[in-house]
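For the working numbering, add 74 to where a residue sits in the sequence shown, where the first one is 1.
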Amino acid sequence: LLLQRSGRLHRHQRANRLPLLVQPTMWVAAHDPADQLNFGVNAFVYDEHVLLRSHLAIRDKTQIEIPGEVSGLIEFVYDDRACPDELDETMRARWDATAARLKQKRAEKEAKARGSLLLTPHAADFFEDFNPQLEEDNPEFHKTLQAATRDDDTPSLQVVVLRQAERHRVQVKHFNDARWLLERSVNLASRSIVSQLIAQGADPAWKEEPLLRHHRLITLDETDQCELGNYRLRLDQNCGIVITKTLPKTSPKTPEEN
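Below, the structure is given as structure tokens:
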């Protein structure tokens with residue numbers, strides 16, 4: 075992924091770059107050696123073993139030659155090689171532990187994927203195989219019964235975001251009404267927010283609307299914000315929907331408690 079991102083630094087020919095940007099340079103944020111390779115929230119997105127091997131692959135490099143070194147770096151991070159002998163005991167233990175977890179995770183994913191394999195046209199039970207009618211867009215439909223197009227456990231939900239002054243346009247009388255609403259929709263992939271919005275249910279006005287029945291509605295206040303549980307959603311003209319976590323609300327203490 076780092077190599078892919080580096081290719082975007084100077085993807086286009088431009089003659090008016092700022093002096094500091096004439097030479098393409100990519101900075102990589104590395105860990106503090108004192109934290110014992112704690113990858114923090116990155117481990118929720120990328121496998122810890124892949125992060126560890128990526129760190130080892132580039133930790134002593136001041137530059138990477140592209141494309142000359144690309145194949146070697148990719149192989150070091152993703153092939154099935156054993157732990158390098160030159161690593162110290164602590165690093166070797168970390169390598170072995172994360173590799174074992176990755177191997178177990180892959181085995182579980184492969185076992186799950188086998189249940190979604192398509193039968194060959196010549197399979198004996200091709201026509202007898204049960205084929206459920208899938209509701210791909212319904213966020214309440216069980217994930218195991220939806221088409222397995224990718225291995226991704228992150229829930230997502232299509233949300234229509236309206237300002238207070240636009241709330242009256244939630245009714246759909248014509249196709250253009252639905253199109254106007256869909257043009258104000260975004261896909262949210264925050265696990266906590268998605269679960270709350272699913273529980274909230276669709277707007278009653280959209281129950282019978284094929285294009286909107288699985289969407290959820292968020293109405294912003296006069297400051298283009300709204301609160302959902304312990305999260306604040308804000309509409310930003312440049313960034314879109316910005317989500318920040320707020321402190322849990324506490325009830326005021328009674329005189330006896332004080």
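Yeah, the Cβ is synthetic: ideal placement off N, Cα and C, and Gly gets one too.
DSSP bridge partner residues for residue i (one or two, in chain order)
i	result
GLU301	ARG306
THR99	Looking at the DSSP assignment, THR99 forms no beta bridge with any residue, so it has no partner.
ILE292	VAL235
ASN261	GLN232
Inter-residue Cα distance where the pair is residue i and residue j
i	j	result
VAL234	THR136	46 angstroms
GLN207	GLU149	In this prediction, GLN207 scores a pLDDT of 43, lower than 50, which makes its location untrustworthy; the coordinate-derived value is nonetheless stated afterwards. Roughly 41 angstroms separates the two Cα atoms.
HIS288	ARG188	29 angstroms
ILE138	THR164	27 angstroms
LEU125	VAL151	8 angstroms
HIS84	HIS242	46 angstroms
ASP153	ILE140	20 angstroms
THR172	GLN178	10 angstroms
LEU92	PRO98	11 angstroms
ALA252	GLN78	38 angstroms
SER230	ASP159	43 angstroms
LYS183	ARG175	12 angstroms
VAL115	PRO284	38 angstroms
ASN261	GLN270	15 angstroms
VAL96	CYS157	39 angstroms
Backbone secondary structure at residue i - three-state DSSP
i	result
LYS247	coil
PRO317	Here residue 317 is Ile; the residue named in the question, Pro, does not match the sequence. Correct three-state label for ILE317: strand.
PRO93	helix
GLY114	helix
ARG180	helix
GLN87	coil
ARG287	coil
Residue from the options with nearest C-alpha to residue i
i	options	result
LEU294	ARG306, LEU286, GLU184 and GLU283	ARG306
VAL102	ARG241, LYS177 and ILE132	ILE132
PRO278	LEU291, SER269, GLN270 and SER266	LEU291
GLN238	GLN270, ILE317, HIS123 and LEU309	LEU309
CYS300	LEU286, GLN311 and VAL316	VAL316
LEU130	ARG166, SER145, PHE118 and VAL96	ARG166
LEU147	LEU236, SER259 and LEU75	LEU75
GLU257	ARG82, ARG168 and GLY314	GLY314
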